[in-house]
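Undergrad: Here the sequence shown is numbered in our numbering, starting from 180 and rising by one per residue.
One structure, pasted below without further comment.
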Amino acid sequence: MSEVSGEGNALQKYTKIEKLGGGTFGVVYKCIHNETGKFVAMKKIREEFKDEGVPSKVIREIAVLKELDHPNIVAFVLFLCHFHSIAIV
Numbered sequence: 180m181s182e183v184s185g186e187g188n189a190l191q192k193y194t195k196i197e198k199l200g201g202g203t204f205g206v207v208y209k210c211i212h213n214e215t216g217k218f219v220a221m222k223k224i225r226e227e228f229k230d231e232g233v234p235s236k237v238i239r240e241i242a243v244l245k246e247l248d249h250p251n252i253v254a255f256v257l258f259l260c261h262f263h264s265i266a267i268v
């Protein structure tokens with residue numbers, strides 16, 4: 180899987196199962212990839228930030244996740260950007 184997806188609506192490749200929590204910039208969902216059956220955590224960035232682009236704290240979060248490799252920390256899979264929908268998988 181690529182690290183950035185802007186082709187088509189890649190969000191449609193995932194099905195939300197349940198809400199796990201939320202924070203300042205978004206809501207985190209447990210999702211499943213429709214083709215592979217792999218479970219992931221997806222953070223959808225809140226709509227109020229769509230006009231500002233990607234907040235700098237989100238960019239830092241992605242940078243940190245890409246560097247981490249630990250069984251108790253979710254791995255960075257993908258950054259999704261489709262029109263005004265932004266998500267981290």
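The beta-carbon is built from N, C-alpha and C at its ideal position, and this holds for glycine as well.
Quick check: what's the CA-CA separation for glutamate 186 versus isoleucine 265?
TA: For glutamate 186, the pLDDT reaches just 46, beneath the cut-off of 50, and the residue's location in the model is therefore unreliable, although a value from the coordinates is still provided. Approximately 13 Å between the Cα atoms of the pair.
Undergrad: Write down every uninterrupted run of the beta strand (DSSP E) in the segment 189-239 whose length is 3 residues or greater and which is fully enclosed by it, in chain order.
TA: Runs of the beta strand (DSSP E) inside the segment 189-239: 193-201, 205-212 and 218-224.
Undergrad: When we look at the beta-carbon of alanine 254 and count the other beta-carbons within 10 Å, is it buried (16 or more) or exposed?
TA: Exposed is the call here.
Undergrad: Apart from the five residues on each side of it in sequence, which residues of its chain come closer than 8 Å, Cβ to Cβ, to serine 181?
TA: Residue confidence is low: serine 181 scores 43 on pLDDT, short of 50, so the model does not pin down where it sits. Its coordinate-derived value is still stated next. So the qualifying residues of the chain are Leu257.
Undergrad: Near leucine 244, what residues of its chain come up, given a Cβ to Cβ distance below 6 Å and the 5 sequence neighbours on each side ignored?
TA: So the qualifying residues of the chain are Phe255.
Undergrad: Cutting at 8 Å between CB atoms, please list the residues of its own chain near lysine 192, excluding the five before and the five after it.
TA: His212, Asn213 and Glu214, listed in sequence order.
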